[in-house]
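Residue numbers (the numbering used here), protein chains in the order written: chain A, 15 to 674; chain B, 15 to 674.
Structure, rendered in structure tokens:
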């Protein structure tokens, strides 16, 4: 009763706000493009359309009492709208509207089912659902430059066609993956915990307080997982046949380039499966996504015979490259195969390297003919290429020698005298056709089949060359060594199972890594299995005294997928034998039995109780999408990213909480 | 060269470990059932099968040199295996094997394509891939009682058919949902951040340290989100038309019954959409899942006309119940409609309630005829029903009156004299046909249309009655008031938008909630929109002085889906108007403008910049699955759950980290 009285009293007021919340419902499937597909050329003008959307362009006068504007509907289509002055009065960019009207073919166009741009909508009715009442940042008024929108207005950025398409693509490709894995291969998706155990060895983890009290009196912490590695291995021990998940992962390393504190990984693992089977699945996933997005217009390429690029039709086309070979040929385990710059090993020219550091007994060069004209050219190139920004990770710089005089040419070897001895420099320079104007970039690296400095100085230089904004260098490379246009994928296999530990405490001598003599770490992670024919070699190390040299020869069953010089993901066959895993922990990685139980007890228990052999993989989903969409950073493919300090400018996180 | 020498030297050793890692690869699709479908009755014995799996049953002798065991393959099928003594020597339960053999029809069976139990496999070859070398807990030797397996061996539990099926169902139903939302309705899935902003008002959040250092010197924290509510509303402001996500949510309330610190929510939101549209989608999702799992054998039911149960064929069949009506009829906003116990409001019998607390002016009873025989019966029933375990949440207890004598019958009202006055008790007892042996449970509750104590004492009692392990009560209810067998779903609508704040600081007087006079909180969350015809009433409150009584009459556009007395999920149409949202924050919820910007600035900004009207929903995915699979706790449907203290016994998290 009271309600009725109250209602009557206020019913006539505030029509404006009521209007905002009352609107006609649109059937989900009836947006413009669909309607265009359903009507024929003669009839489409008769049907009145109801459309929701935003004003993309401020109304402008076309003739007396006829105004034109553009509406972006909630599917991202742009539609020209025609109305009179009264109808479009006060309408602003980004106002949220509901309109009704009839479609007309534009005077200058022919009928086409395909292109909404050929049509315009004659307004019958317009209703403002939400009026922009904030000074929208001026550069957003056209939304043509989403890059300039401030991070705190990410939601405006996401309204633009580029980002709307990104969101759709990200969703659609996940579904392509799921349908393939679930429907064709019987994978099941399993969700694994995000509140995991802290393993202080990692040092890159985010700690979560168990108490909700800031002071966390209990000193109890969860940690957010860096990957579901241990969960998925346990799932294999749990009898799951084929597992996958789009998993959230966390790494507290905000100062590294193009990393996000949280990211998504397409994680998978199969029991009773080998690496070969996993690689087939992963290759197929990647190729399916690529073809779904690009069709046949822009397929993935790989290296065929003769190192010519060929289209990837099926996974088995994807070139397998050996770790040792790519380290020798490209100086990196994730070589950008689009780059035509070659590393020339000077061994065949009689170079004796290892002068400064005997382990580094290869001398190799990059030869760039006819690059410089004078001292200034050389200086600018050296300044760019050796810029300390490129070497923040303390990696070694190569030596750059510019040939500007006959002496520079005849005694080119002197520039490299510290690292290599070349007996007949003139013979070599003639052989390689060195000339005045050339630039030689040279460095030493470790023995073949035993390269752990990764990338090598020249491997790194191959990439740096192409990041330049120096016109001299850019023009030269574009003309003489243009990067291939094709997107090139390859597998990298036959990795060493262990790597020497680099001692970061000891200052590097001339930049060489200081290896801790006698101790090793897992090249990838300690759960990786060695190659089967290396089992005897591994067993010997576990039983007898460890011989570092022999240990480092052991190859693992790890495999990386690399596209355009970026590691898209990696995987391996894992250890499933309790004794072997425990001995590797104890003898090779120096983890005491007690500590093993503390850190990995769950996994070792499962190994003891009939865990099957298993293999798996993880694709960095954000990274893969950024390559696919040709974006420079993964921020562009994450709906709400953080900046490179881990700060979210939109939501204002993290925030300060004072401990009481 | 060195490698070759080393290999030769150790090649002959350690054949055992080599064996563990070498096995024949099975093509993914060729497991037993498939093969059975492909072969005919005459030919299946000729094909040798290769099968991976685990020993389910210790080999037993069937006749001289013929042993029998059971293998569980990695699809969960159980197969009888026949071999000789030598082949099965030393084989133990849960050993992980690869075997080869020929299928034979069992002597006592007829050929059938369907049932693997009709066949046995004659062993040709057996290889142990991983031998159990731990004392597997003895009760797991048959794996027939997974409930008894210790939490730390969750992986053994997951190997049992019950849990294997759960994992498959969880995955499959997610895919059913995705295909419906994406393929039929054009939803896109958007991933939202997990490192969110701390909003200390919540007090139930997990804090994540920004520093990786335990001491967290910066005092900067992220918080894990309790739901993606604000993200999804921002996505609506970002031009996303239809959003969904299986989202991870976190609540730091480990001491509440059947809660997990992390859980999964099927989260969705549509722009330019109303609650009606959302309810259609949600109802369809739930019904599709139910039918996928149960087929037509066990459909969902709802209330039809006359309150008879009817099958849910389509979403619009699902009964809409008003909040006010269910509070009056069932005393709870999530009534278990399977329970036939009725609450009798004594108003029609002339009862005058509100004696202790004038706001609580309804007196209602549950009448259980012919339940007790003597004082002992009454005592045991009272003890069970009023057990303080049920009332840990400080809710009020009803009064229980047992009728054992004529006096108890004639003056039954005296038991309730504190809360209600009944003028003619004998007239009423005759009317209701009260007899010696009956039990009357009675309590007062708030005025109709204004019930905020939820559940009411009798609403709560309806459920407690059916949780009893008291034979007397169980037998009585089973015989006289059996719970319906059907699973019953309903919508609850027309919730109050605001609720009075219960002052937990002040001690309750006789259990009644102490409402803070003059202050309210959002019944669901502060982003919920009111019903359109209540806008004038709301506006009045925002402009003039607040009148609590009028404010509490305002109904929201919130809707809950309830199955079998459990809230599966809730949703609403949201506020998208900046002024309205900000005024509600400021005037009704006492959030200053400054604090609004700090907490919700991102959302208020989006509202100012053309955010469309929008509505959404969230289904508690774990809870829904636990209802579907008829499990008592959500732990049963989570792959790696934590216990009710938030402790993970398998991984040992959280763990202690000493601050330095």
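Backbone N, C-alpha and C fix where the C-beta goes; we use that ideal spot for every residue, glycine too.
Within chain A, partners of residue i - CB distance below 8 Å
| i | result |
| --- | --- |
| residue 303 of chain B | Result: empty, since nearest Cβ-Cβ is about 15 Å, beyond 8 Å. |
| residue 146 of chain B | 622, 623, 624 |
| residue 278 of chain B | 205 |
Residue i, buried or exposed, once every other Cβ within 10 Å from all chains shown has been counted against 16
| i | result |
| --- | --- |
| residue 588 of chain B | buried |
| residue 665 of chain B | buried |
| residue 291 of chain A | buried |
| residue 79 of chain A | exposed |
| residue 152 of chain B | Caution is warranted here: a pLDDT of 49 is assigned to residue 152 of chain B, below 50, making its placement in the model unreliable, and no coordinate value can be reported. |
Any chain A beta carbon closer than 8 Å to residue i
| i | result |
| --- | --- |
| residue 110 of chain B | yes |
| residue 582 of chain B | no |
| residue 42 of chain B | A caution first: residue 42 of chain B carries a pLDDT of 38, below 50, which makes its placement in the model too unreliable to give a value. |
| residue 429 of chain B | no |
| residue 668 of chain B | yes |
| residue 671 of chain B | yes |
| residue 165 of chain B | no |
| residue 675 of chain B | Because chain B is modelled from 15 through 674, residue 675 of chain B falls outside the range shown and cannot be assessed. |
| residue 742 of chain B | Because chain B spans 15 through 674 in this model, residue 742 of chain B falls outside it and cannot be assessed. |
Chain B residues whose Cβ lies nearer than 7 Å to that of residue i
| i | result |
| --- | --- |
| residue 1 of chain A | No answer is possible for residue 1 of chain A: it lies beyond the span of chain A, which begins at 15 and ends at 674. |
| residue 252 of chain A | 169, 172, 173 |
| residue 590 of chain A | 144 |
Closest by C-alpha distance to residue i, when choosing among the options
| i | options | result |
| --- | --- | --- |
| residue 470 of chain A | A/526, A/494, A/493 | A/526 |
| residue 64 of chain A | A/39, A/73, A/70 | A/39 |
| residue 241 of chain B | B/251, B/272, B/209 | B/209 |
| residue 109 of chain A | B/233, B/235, B/90, B/251 | B/251 |
| residue 436 of chain A | A/365, A/405, A/528, A/172 | A/365 |
| residue 464 of chain B | B/339, B/580, B/79, B/397 | B/339 |
| residue 288 of chain B | A/257, A/35, A/389 | A/35 |
| residue 86 of chain A | A/75, A/77, A/101, A/131 | A/131 |
| residue 245 of chain B | B/645, B/620, B/598, B/482 | B/620 |
| residue 635 of chain B | B/593, B/567, B/280 | B/280 |
| residue 417 of chain A | A/443, A/390, A/453 | A/453 |
Any C-beta of chain B under 8 Å from that of residue i
| i | result |
| --- | --- |
| residue 173 of chain A | yes |
| residue 32 of chain A | yes |
| residue 212 of chain A | yes |
| residue 514 of chain A | no |
| residue 68 of chain A | yes |
| residue 653 of chain A | yes |
| residue 559 of chain A | no |
| residue 229 of chain A | no |
| residue 63 of chain A | no |
| residue 291 of chain A | yes |
| residue 262 of chain A | yes |
Contacts of residue i in chain A (Cβ-Cβ under 7 Å)
| i | result |
| --- | --- |
| residue 282 of chain B | What residue 282 of chain B touches in chain A: nothing, since even the nearest Cβ is about 13 Å away. |
| residue 434 of chain B | Simply none; closest approach about 24 Å. |
Chain A residues whose Cβ lies nearer than 9 Å to that of residue i
| i | result |
| --- | --- |
| residue 331 of chain B | Within 9 Å Cβ-Cβ: nothing; residue 331 of chain B doesn't reach chain A, min ~20 Å. |
| residue 178 of chain B | 252, 253, 254 |
Beta-carbon neighbours of residue i, restricted to chain B and to distances below 8 Å
| i | result |
| --- | --- |
| residue 37 of chain A | 286, 627 |
Cross-chain neighbours of residue i in chain B, by beta carbon under 9 Å
| i | result |
| --- | --- |
| residue 202 of chain A | 181, 182, 184, 185, 186 |
Residue i CB to nearest heavy atom of the ligand SAM below 7 Å
| i | result |
| --- | --- |
| residue 416 of chain A | Within the structure as shown, the ligand SAM is missing, as the structure has no ligands at all. |
Three Cβ pairs or more, each shorter than 8 Å: is that satisfied between the segment 607-617 of chain A and the segment 559-569 of chain A?
Taking a contact to require three or more Cβ pairs closer than 8 Å, the segment 607-617 of chain A and the segment 559-569 of chain A do not qualify as touching.
Below 8 Å, can you find three or more Cβ-Cβ pairs linking the segment 115-135 of chain A to the segment 637-648 of chain B?
No, they do not touch.
Assess contact between the segment 656-665 of chain B and the segment 310-321 of chain B, defined as three or more Cβ pairs (one per stretch) separated by less than 8 Å. Is contact present?
With contact defined as three or more Cβ pairs closer than 8 Å, the segment 656-665 of chain B and the segment 310-321 of chain B are not in contact.
Assess contact between the segment 163-174 of chain B and the segment 275-295 of chain B, defined as three or more Cβ pairs (one per stretch) separated by less than 8 Å. Is contact present?
Too few Cβ pairs lie closer than 8 Å, so no.
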